[in-house]
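Undergrad: Here's a structure for you.
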Amino acid sequence: MLLLLQRSNNCMLGMGSGQPNRLESWRIAMLKAGDEIKEAALASDAFFPFAWNDAVEEICKSGDSVIAEPGGSIRDADAIDCCNKPQIN
Numbered sequence: 079m080l081l082l083l084q085r086s087n088n089c090m091l092g093m094g095s096g097q098p099n100r101l102e103s104w105r106i107a108m109l110k111a112g113d114e115i116k117e118a119a120l121a122s123d124a125f126f127p128f129a130w131n132d133a134v135e136e137i138c139k140s141g142d143s144v145i146a147e148p149g150g151s152i153r154d155a156d157a158i159d160c161c162n163k164p165q166i167n
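Everything in the sequence shown is counted per this note's numbering, starting at 79 for the first residue and increasing by one.
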């Protein structure tokens with residue numbers, strides 16, 4: 079499950095859940111969030127097994143500035159690398 083949260087007032091903007099594909103979960107959450115995506119934070123209930131050409135890269139391109147996930151993938155370093163390119167926290 080991916081949640082988009084508005085940082086200024088802690089409101090949920092969009093949620094993408096129950097999808098076998100992380101990119102689809104992200105697209106659903108973005109669709110629900112609409113124009114409020116700027117300065118949003120993303121929270122995931124699972125680690126990202128892939129970063130490049132997957133949800134992490136798309137999230138980084140969208141303008142989110144915070145990604146929270148539990149970690150635990152053998153490719154965590156890739157996700158961190160991907161986030162460091164556009165200054166994601």
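Heads up, the beta-carbon is just placed ideally off N, CA and C, and yes, glycines get one too.
What does the Cβ neighbour count give for Ile145, buried or exposed, with the cut at 16 atoms within 10 Å?
TA: Burial call: buried.
Undergrad: Taking the alpha-carbon positions, what's the Lys163 to Asp132 distance?
TA: In a straight line, the C-alpha of Lys163 is about 15 Å away from that of Asp132.
Undergrad: Could you check whether the segment 150-158 touches the segment 101-115, counting it as contact only if at least three pairs of C-beta atoms, one from each stretch, sit closer than 8 Å?
TA: The segment 150-158 vs the segment 101-115: no contact.
Undergrad: Is the CB of Ser140 under 9 Å away from at least one CB in chain B?
TA: Here chain B cannot be found, since the structure has a single protein chain.
Undergrad: Considering only their Cβ atoms, is the gap separating Gly96 from Met108 smaller than 9 Å?
TA: No. Outside cutoff.
Undergrad: For the candidate residues Ala157, Cys160, Ser143 and Glu147, whose alpha-carbon lies nearest to that of Ser86?
TA: The candidate whose alpha carbon is nearest that of Ser86 is Ser143.
Undergrad: Going straight from the alpha carbon of Ile158 to that of Ala121, what length do you get?
TA: One C-alpha to the other measures close to 15 Å.
Undergrad: Here's the rule I'm using: 16 or more other beta-carbon atoms within 10 Å means buried, otherwise exposed. How should Gly94 be labelled?
TA: With 16 or more Cβ atoms within 10 Å of its Cβ, Gly94 is classed as buried.
Undergrad: Could you pull out every residue in the same chain whose Cβ sits closer than 8 Å to the Cβ of Pro148, ignoring the five residues on either side in sequence?
TA: Answer for Pro148: Ser122, Asp123, Ala124 and Phe125, listed in chain order.
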